[in-house]
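All remarks here apply to the structure that follows.
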Amino acid sequence: MTPEEAKGLVAYANQIDPRVQANASTYEVWHYALTRYPLAVAKTVVMKYYALTVSDDTGLPAITPGIIRRRIVAELDRVQGQRSALEATRQHHQIE
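Each position in the sequence shown, counted from 1, maps to that position plus 252 in my numbering.
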């Protein structure tokens, strides 16, 4: 993710949730935290967070780059686990 893309992602999150501050420092932090990830993936995480997360009585906290990173890593781990399971199944069937 480029600095400009990070700025756009912050603006997107701010439009959904005004508690996400849109300023130069926020842009820098979000870029630093998310530089390794594609904008489309991070934007999908933001959208799913606000569209699908069930909150308790205290309400849903504003999204942060840390939340986005954790969710991206969790999804990558899930996909890798599925790939490993499929490969193990293929190898098992080849042995038989």
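Virtual Cβ for every residue (Gly too), placed ideally from N, Cα, C.
Predicted model, so just to flag it, every value in this text is computed and none were measured.
Exercise for the section: Tell me, to the nearest whole angstrom, how far the beta carbon of Tyr301 is from that of Ile315; I am working on the premise that it is less than 8 Å. Expected result: Sure, about 5 Å apart at Cβ, within 8 Å.
Handout entry: Nearest-angstrom beta carbon gap, Tyr279 and Val262 [assumed within contact, 8 Å]
Key = Contact flag correct, Cβ pair sits at about 6 Å.
Exercise for the section: Could you say which of Ile320, Leu291 and Leu328 lies nearest to Thr305 if we only look at CA atoms? Expected result: Nearest option by C-alpha distance: Ile320.
Practice task
Return the residue from the list Glu257, Asp269 and Ala265 that minimises the CA-CA distance to Gly311.
Solution key: Out of Glu257, Asp269 and Ala265, Asp269 has the C-alpha closest to the C-alpha of Gly311.
Practice task
Return the CA-CA distance between Arg342 and Pro317, expressed in angstroms with no decimal places.
Solution key: For the pair Arg342 and Pro317, the Cα-to-Cα distance works out to about 37 Å.
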